[in-house]
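*Asks:* Count along the sequence shown from 1, add 86, and you get the number used in my numbering.
One structure is given below, represented as structure tokens, and several questions about it will come after.
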Amino acid sequence: MTEVPTEPEPEASDNALPVALAKGSRRSFTAIRRELSEDDLKSPAVQKMLLDDTDRLDEELKEAKGFRERFHDADKQRAILQEKLKTHTGFEVMSSGCLAVGGAAFGYAPNIWAAQQTTSIILLLIAAIVTLAGLWAKVLRA
């Protein structure tokens, strides 16, 4: 049987840059030195590999730019919706108070109708105005 000769792993030189493996990177190229000489750059295979990587990176860049624009649009939309959902305490207090006072006046007006009709009519008008103001405050908040 013939033995297959194995080559020793290349040692890292002092001026070689450390290689960080990214997700999906080519493990077969991790031990190759990264510096290219003039002779290496003249090789058509190296030129084609560099052009291929350039084209791939251009496509990834276009995709990343599109993602960035969609992210900013979605972030703005989220901020707008979040602001719409924020409770405005002043409107809530005014609306609840007006509805409570208006409801109480509507409830009290029939009790005084027999003794004081004029006062009861005025009380019903005020109750209607206050109740409508409370409903209007609810509508403005929405």
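Every residue, glycine too, gets a C-beta built ideally from N, C-alpha and C.
1) Would you kindly work out how many angstroms separate the C-alpha atoms of residue 183 and residue 220, rounded to a whole number?
2) Please report how far the alpha carbon of residue 153 lies from the alpha carbon of residue 168, in whole angstroms.
3) Curious, which full-length alpha helix (DSSP H) runs of at least 4 residues does the stretch 110 to 197 contain?
4) Can you give me the C-alpha to C-alpha distance between residue 137 and residue 155, rounded to a whole angstrom?
5) Taking its Cβ as the centre, do 16 or more other Cβ atoms sit within 10 Å of residue 47, making it buried, or is it exposed?
6) Should the stretch 207 to 216 be regarded as contacting the stretch 174 to 193, the criterion being three or more beta carbon pairs within less than 8 Å?
7) In terms of residue numbering, what span does the alpha helix (DSSP H) encompassing residue 202 cover?
8) Comparing alpha-carbon positions, which option in 206, 205, 177 lies nearest residue 256?
9) Are residue 200 and residue 210 closer than 8 Å when you measure CB to CB?
*Replies:* Per the coordinate set shown:
1) Residue 183 sits at position 97 when you count from the first residue of the sequence shown. Residue 220 sits at position 134 when you count from the first residue of the sequence shown. Those two C-alpha atoms are separated by around 7 Å.
2) As a first step, residue 153 must be located in the sequence shown, where it is residue number 67. As a first step, residue 168 must be located in the sequence shown, where it is residue number 82. If you take the alpha carbons of residue 153 and residue 168, they lie about 22 Å apart.
3) 124 to 128, 130 to 171, 175 to 194
4) Within the sequence shown, numbered from 1, the residue matching residue 137 stands at position 51. Within the sequence shown, numbered from 1, the residue matching residue 155 stands at position 69. Distance between the alpha carbons of residue 137 and residue 155: 27 Å.
5) Because residue 47 is not part of the residues shown, which for the chain are 87 to 228, the question remains open.
6) yes
7) Here the question's residue 202 lines up with position 116 in the sequence shown. Counting along the chain, residue 202 falls outside any alpha helix (DSSP H), and DSSP gives it neither H nor E.
8) This structure cannot settle anything about residue 256, because the visible part of the chain is limited to 87 through 228.
9) Within the sequence shown, the letter at position 114 stands for residue 200. Within the sequence shown, the letter at position 124 stands for residue 210. Taking 8 Å as the Cβ cut-off, residue 200 and residue 210 do not qualify as a contacting pair.
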